[in-house]
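Some notes on the structure that comes next.
Residue numbers (the numbering used here): 6 to 1257.
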């Protein structure tokens, strides 16, 4: 994958001092030489040659204005294959050939000035890049009969296509080959190469407007003036005029430009409508078959696609791993440029970001572009600007280093940096780790002499080491110590050239390279724990130059220039390194050219039968040849009768059968290397097919099948695998450790704007990459279920159920099938929905999956969904049975849209009471909001019996009434802070909401007695047909549950109940005090409940002795009455007195009362909060119990004095407290001796309670 990375560079074109017109002439052509080390640029009157790195103008040639008027402006520039000459066409019937003279003299020299302030102190200021000097010399001027439209530079000749239909041949010395000239109309055209009788010719007025040489395809791809495209082929390599034929590229007639991909043997045709069509040679009949066609696509701002015009230029990366296209824009301020994968997956487009749509990004309409060296940059020219814009690029390391086992990181290589994405494990612990990359700068000492970097290698999980290799030698980086290491001897570095690649394994760097001095190819092992020293490295000589390698487990596979694959087995020990040549396979008959090999791979087929192998444990080779993935596996060779007494080792005798095509349009192949144990996915083959999305070659493994039952012939596993397609929205590069497809996308921002010149408004754009993930498990499950392979999908899902997004995957599976079948215009003959529902029922997430899918789907599709899954009422009932109350809340929203309002209230009432019983306060609060949102006037349809389908038809297009939030399991303490207690005033009744008074302290019916109060919902339903009073019903339920919690002595739950549901706790306790109800019937049990709920430790004898001494010495606390201190002794807690109306929100005690208690601040704050409510209500039996609980009886005495004017303790209450005291004394002597001494010290106070 190739994406912009870094900041753009603006290069000012040379301008003439005397001629101001030259500064605004458009750039007509940009083209690099064969290795893209030199970039040629031509405007209307000037030719410039730039060095690709650093970007230095080496030479320029400018013509006189008179010559331009006579012979036309420059149009296109072309390089000779050896970069010793350039050919330039003009707008008239003239052309030029210039000789390019090079010398070793440096074109740029820097000198230090005498001023120390301007001396060079950084190494990077000492330019060490290989500079050269170039001189352009005009050698040939050609006069023609017509204007040159296009040309193809060959090794010794030039094909010239003129606008009069003639094709001429010209040598680089300027000699015409008149015998080789022919007209386009004389070429016979066919649709294939088998039926020449059906050939026809183009009209006389047709001519070629664009063409390119395709040596590996065997012809010249052309676009004609009538819009047709084709391939010109010849029986003679000289393209003699009598041996030429052509085949059409389909039947389209709107082609505008053409390019070719040599590695993948593809021809790209640009079209007038902005599309791109790719063709390849059909081996069966020699015709041009369409591989794919693509158009620009945007995830957002799709209206910008209306600006896209014809595709004007396509340039392919020389390595074949990408191509870029330029499009005409109907909005002059929006440049349109895009980068694609070889098979058409869109990687990047200038329309994707607002910054790139800025008119200053590329300063005018685009005219030409080309890739820089190794694809590290994109040189872009414009029509009105006076700058060249260089966009830096970064590529994924898989392009030059195909690996069978994927790492958990995405590694990108740019001009000067290696960018490593964070692993998934680190992403989970970071808020924005998806946007944070580890950018490692390659040391200048190495890159200045060995640029560009061609290979990058890292260890299996990119945790220890990383290595880069350029033109000579390599450098290693320790990811732990964050230090680079270079060769100790610079001569050793210059003598080593990495040709095939590198791998890091078991702390060894293994590289396949060439010894320049000895001209010997070798496999070299460097120990990374020591230094980089060639003298101590282990070297294994090989016979041929290696162009590609791959590694799996302990096996190294190489491909050399003789098209031979060699497999080596490597054994490493502390003292010895052993390399064994296991197998050699010649594949030259499969290759049109060694360049066409994209990647080679070793794989384990898990074949159970006793078939031959290339080497122990490896019996499969995968070869990607021009996008065709071939499978090669050995088979037994037939052996004739042998003489008696002779024997053969049949395990070493095998032959190669005809290779099997697994997939086409293949760009990238790998096997997963995740740590999770999911056999089906770990042993799958992942295949990236560009615009045809991703495919997975899945093994059909089943744990219940015995090995003997699965035995078949030598190629058994081919029938035990299935190819499935995955339609992802991202371009997948790896499968992450938690089985997500992971890719990257480019983002950018503007950081600088030049304002020196009003006409010069070009900006600098900074590009960066972010990691993108996508779920794909649901697509695998869907396709397996569709093929009636449910048992395999069940096994995969069983292994995946521990993944954090598994439930989301089930929702996606159900949602995709629902939308596909429910929105189909025709009935589905074999619906998949019943199988999907039955599959999801196998998992405990079934109920949650159904309701989440329903809430994210249109109401019109609910009928189809619930016909397959069951009625929402039944699913709601199951949620209550399984105590899934949070899921039942979601079903309540569904029932609101499918049932009558009265039925919804009934279901909500059941759930409300269940939530209160289970202490799910957040759910109860949401149900209150849900019930209050229902209009009472809608209650006239009680028991209307409206069925689901009728209700859906009525509610179609209608949104829900309320949106219920999801909460965590336990939120009791969301108002209890860990710090000091700060109680804020919170009114129990919002006076603006008098229409539905759920909690009105002035209403008598809100605190009715337990014996006389009935359910108001049932009262109204049984006596009249009035609208149901939902507030009265809620008050009744809340009051009943508060009584239940109080009878259970669950004060902490009662406090949480009051806070979450806005229940007036002070009024509630006052009601009990007013009616003289005994809320504590068992004081010892209530005391135990306080200890249990607040996690309060029981007292021990040492604490009791300290408390007793404190009481005897007079260590009491002060309190305030009407703002005046009544006691000036050492205070441990505070009691304040306010008016009756404000007691609800006042603080009576604070945390100092528990200063000696060794409990958490959280528990103290919770107790203080509930204790202040109880004191405000005057519930003295609970105040007495808390005084015992805190071992501070002054709390009880001061509370009595505080409210002696407002209320008088009845004799019944005093007797009840005294009985409770006696009960606690008996209980403490048996069960908790720690309370005995304290209770003895307060015995006198209890007896004299009437006097207090």
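Built from N, CA and C at the ideal position, the CB exists for glycine as well. Remember, predicted model here, so these are calculated numbers, not experimental data.
Short of 8 Å from the beta carbon of residue 828, and not among the five residues preceding or following it, lie these beta carbons of its own chain, in chain order: 866. Contact annotation: residue 422 and residue 446 have beta-carbon atoms nearer than 8 Å. For residue 629, the number of other beta carbons within 10 angstroms of its own is at least 16, and it is reported as buried.
Residue 468 places its beta carbon 8 Å or farther from that of residue 500. It is roughly 6 Å from the alpha-carbon of residue 750 to the alpha-carbon of residue 774. Annotation for residue 894: the continuous alpha helix (DSSP H) segment containing it runs 890 to 903.
Restricting attention to 1190, 1165, 1074 and 1182, the CA atom closest to the CA of residue 1090 is found in 1190. Secondary structure at residue 9: strand, using DSSP grouped into helix, strand and coil. Between residue 778 and residue 745, the C-beta spacing is below 8 Å.
A check of alpha carbon separations from residue 257 across 1174, 9, 586 and 229 identifies 229 as the nearest. Here residue 274 is actually not in contact with residue 349; their C-beta atoms are around 12 Å apart, not less than 8 Å. Around the beta carbon of residue 1216, fewer than 16 other beta carbons lie within 10 angstroms, which makes this residue exposed. For the options 138, 106 and 121, the alpha carbon positioned closest to that of residue 114 is the one of 138. Note that the C-beta distance between residue 448 and residue 480 is below 8 Å.
Secondary structure at residue 150: coil, using DSSP grouped into helix, strand and coil. Distance from the CA of residue 576 to the CA of residue 600, rounded to the nearest whole angstrom, comes to 31 Å. Between the region 527 to 545 and the region 507 to 516, the count of Cβ pairs shorter than 8 Å is three or higher; the stretches touch. Across the structure, residue 929 and residue 1197 are spaced so that their CA atoms are roughly 37 Å apart.
By the Cβ rule, the region 782 to 789 does not count as touching the region 377 to 387, because fewer than three pairs are nearer than 8 Å. About 17 Å separates the beta carbon of residue 303 from that of residue 331, a gap too long to meet the 8 Å contact definition. The criterion of a C-beta distance shorter than 8 Å is satisfied by residue 545 and residue 584. Annotated three-state conformation of residue 1164 is coil, per DSSP. The beta-carbon separation of residue 505 and residue 572, rounded to 14 Å, does not stay under the 8 Å limit for a contact.
Contact check for residue 156 and residue 94: beta-carbon distance about 7 Å, within the 8 Å limit, so the pair qualifies.
Here residue 1064 is buried, its C-beta having at least 16 other C-beta atoms within 10 Å. Straight-line measurement puts the Cα of residue 772 at about 30 Å from the Cα of residue 604. Around the beta carbon of residue 1086, fewer than 16 other beta carbons lie within 10 angstroms, which makes this residue exposed. DSSP places residue 700 within a strand segment (E or B) once states are collapsed to three. Here residue 144 is exposed, its C-beta having fewer than 16 other C-beta atoms within 10 Å. Note on geometry: alpha-carbon atoms of residue 623 and residue 671 lie some 22 Å from one another. Contact between residue 264 and residue 316 is absent: CB atoms are separated by about 10 Å, not below the 8 Å threshold. Residue environment: residue 567 is assigned as exposed (fewer than 16 neighbouring CB atoms within 10 Å of its CB, all protein chains considered).
In this structure, residue 235 lies away from residue 217, with their beta-carbon atoms at least 8 Å apart.
Rounded to whole angstroms, the gap between the alpha carbons of residue 820 and residue 814 is 10 Å.
For residue 695, the secondary structure class from DSSP, reduced to helix, strand or coil, is helix. Taking C-beta atoms under 8 Å as the contact rule, residue 189 and residue 213 qualify, at a distance of about 6 Å.
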